[in-house]
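Novice: Using the working numbering, you'd call the opening residue of the sequence shown number 91 and step up by one each time. The beta carbon of each residue, even a glycine, is placed where N, CA and C say it ideally should be. Keep in mind the model is a prediction, meaning the values are calculated, not measured.
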Amino acid sequence: MTMRSLMALASRWSRPQLLLRARSLIQPHDLRPSVIDQLTGKEVAATFDGLGRELPDVDLRRKFSPKEIEAIKQASDDAGGILVFTNQSPDLSVQDQVRFGQLIADSDKTCIEPHAVAEGHKDAPEVLEIVREPTASVVFGENWHSDNSFMEKTCSYSILRGWVVPRLGVNDTLFSSTEAAYDLLPPAMQRLLLDLNAYHSANKAYGLGHPGNSRAAMEKTAGGAHAMQWKPHAPILQKDVLQPIVTVHPRTGRRNLFVSPTFTTHIEGMSLAESRSILRFIYEWCARPEFCTRVSWQPNQVVMWDNRSLSHKGLADDVSELRIVQRVSIRGTSPMNHRGQHFSLSHKVDAAGAGVFDWRDQQMQTQN
């Protein structure tokens, strides 16, 4: 089957059909009394049409047993990867956030690392403080992405705290269930994507020559009271990473579409024109409202999400107010493909980040 016929097949899926099928996949979950209910002291309901769950009054400063941490992870699995911890103490510190991340990582402390390109918080370098100044023309993280997909070992969970939050209902975070998006692809498109790999590049988001990227957003904060700093000589800017387009979640076994317009440059083994056509289709497919939910921010709120099953973007519908959020990202394993293989292959790029090279140092087609 040709690429054109595959695209035509996908386009015949009407929105009403998708809505009916998506609701059978993303729906409120059976919330029988559990360790989570014991943590909150109350039964809580699924929110956001079944994608996401609010956990009020779980104080993230407290000590958690291994059983409780596993219950939190299971709640995340059951809710499609989004947990919203409301009513946090104003005294929750960046160190508390790091400590909670270390517990969620369920591994050694090196799973919580400073951002590869951006400088961290002065009191906790593992915490990335994301600043959006009033009247900002470029916003950090404004396009769809999974955190740090340009790393060989990608992020499992991200934990984001609203520190300075504008009024409720603006500048929210939009999430897409890239698992549900894969599940509802036409079978022919699923088969096409299963064995394809794509390059992910930190340089695309943080390098020179890309107007409006996250580096430009950081530079726009220069001179402000909360200026973001970046690492111009970060080693990750000199290499791209090859990842499977379809990954398998290590806990749930569900398949996920693992590409993004923020970090993905092109598909291995295809011309740039062919690659762009397929990637554009995936991006537009995953952004359909049927797969998305919007999380609003309020003071003293923390959101934890699973990058292995979701893509996300920050909304900038009102840039008149200062917004500061603080993120801890937990390094997981290299992504697993549908054959059960873990791999992320690094590829050198030239000093300007313009060319991609494979592991044998054979030059591939230059990116524009």
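What is the residue span of the beta strand (DSSP E) that methionine 394 lies within?
Specialist: Within the sequence shown, numbered from 1, the residue matching residue 394 stands at position 304. Residues 392 to 396.
Novice: If we call anything under 8 Å between Cβ atoms a contact, is serine 355 one with asparagine 427?
Specialist: What you label residue 355 is simply residue 265 of the sequence shown in a count that begins at 1. What you label residue 427 is simply residue 337 of the sequence shown in a count that begins at 1. Note that residue 355 is threonine in the sequence shown here, rather than serine. Contact flag unset, no.
Novice: Have a look at isoleucine 249 and serine 361 and give me their C-alpha separation to the nearest angstrom.
Specialist: Taking the first residue of the sequence shown as 1, we reach residue 249 at position 159. Taking the first residue of the sequence shown as 1, we reach residue 361 at position 271. About 37 Å.
Novice: Does the region 141 to 158 come close enough to the region 184 to 197 that 3 or more CB-CB pairs lie under 8 Å?
Specialist: yes
Novice: Just curious, the alpha helix (DSSP H) that phenylalanine 190 is in, first and last residue?
Specialist: Within the sequence shown, the letter at position 100 stands for residue 190. Residues 184 to 195.
Novice: Could you give the distance in angstroms between the alpha-carbon of lysine 321 and the alpha-carbon of threonine 244?
Specialist: For the purposes of this step, residue 321 is identified with residue 231 of the sequence shown, where counting begins at 1. For the purposes of this step, residue 244 is identified with residue 154 of the sequence shown, where counting begins at 1. Taking the CA atoms as reference points, lysine 321 sits about 19 Å from threonine 244.
Novice: Pick out whichever of Lys294, Ile414 and Asn397 has its Cα sitting closest to the Cα of glycine 171.
Specialist: Taking the first residue of the sequence shown as 1, we reach residue 171 at position 81. Among Lys294, Ile414 and Asn397, the Cα nearest to that of glycine 171 is on Asn397.
Novice: Glutamine 455 to histidine 290, Cα distance in whole Å?
Specialist: Within the sequence shown, residue 455 is the residue found at index 365, counting from 1. Within the sequence shown, residue 290 is the residue found at index 200, counting from 1. Here the model assigns glutamine 455 a pLDDT of 32, short of 50, so the residue's position is not dependable, and the following value carries that caveat. Cα to Cα, glutamine 455 sits roughly 15 Å from histidine 290.
Novice: Could you give the first and the last residue of the continuous beta strand (DSSP E) run that contains isoleucine 357?
Specialist: Sequence index remark: in the sequence shown, residue 357 carries index 267 (1-based). Counting along the chain, the beta strand (DSSP E) containing isoleucine 357 begins and ends at 354 to 357.
Novice: Grab me the residues of glutamine 333's own chain with a C-beta within less than 7 Å of its C-beta, minus the 5 sequence neighbours each way, in chain order.
Specialist: Taking the first residue of the sequence shown as 1, we reach residue 333 at position 243. Ser239, Asn287, Ala288, His290, Phe348, Pro425 and Ser434, listed in sequence order.
Novice: Given a cut-off of 8 Å on the beta-carbon distance, is the pair tryptophan 375 and alanine 271 in contact?
Specialist: Mapped onto the sequence shown, residue 375 falls at position 285. Mapped onto the sequence shown, residue 271 falls at position 181. Taking 8 Å as the Cβ cut-off, tryptophan 375 and alanine 271 qualify as a contacting pair.
Novice: Identify every residue that forms a DSSP beta bridge with arginine 413.
Specialist: Looking up residue 413 in the sequence shown gives position 323. Paired residues: Arg222.
Novice: Indicate the three-state DSSP secondary structure (helix, strand or coil) for serine 350 in the structure shown.
Specialist: Here residue 350 is taken as the residue at index 260 of the sequence shown, counted from 1. Three-state DSSP puts serine 350 in coil, outside helix and strand.
Novice: Would you say isoleucine 220 and arginine 384 are within 8 Å of each other, going by their C-beta atoms?
Specialist: Indexing the sequence shown from 1 puts residue 220 at position 130. Indexing the sequence shown from 1 puts residue 384 at position 294. Contact flag unset, no.
Novice: Is the beta carbon of proline 180 closer than 8 Å to that of glutamate 411?
Specialist: To locate residue 411, count along the sequence shown from 1; it is residue 321. To locate residue 180, count along the sequence shown from 1; it is residue 90. No, Cβ-Cβ distance for glutamate 411 and proline 180 is not below 8 Å.
Novice: Sort Arg341, Asp330, Ile420 and His339 by Cα distance to isoleucine 357 and report the nearest one.
Specialist: Reading the sequence shown from its first residue, position 267 is the one you call residue 357. Closest by alpha carbon: Asp330.
Novice: Quick one: Cα of glutamate 223 to Cα of serine 386, how far?
Specialist: In the sequence shown, residue 223 corresponds to position 133, counting from 1. In the sequence shown, residue 386 corresponds to position 296, counting from 1. Those two C-alpha atoms are separated by around 19 Å.
Novice: Is any non-hydrogen atom of the ligand ATP found closer than 7 Å to the C-beta of valine 221, if you look at the structure I gave you?
Specialist: No copy of the ligand ATP occurs in the structure displayed, which carries no ligand at all.
Novice: Give me whichever residues DSSP pairs with valine 254 in a beta bridge.
Specialist: Here residue 254 refers to the residue found at position 164 of the sequence shown. Answer is Ile414.
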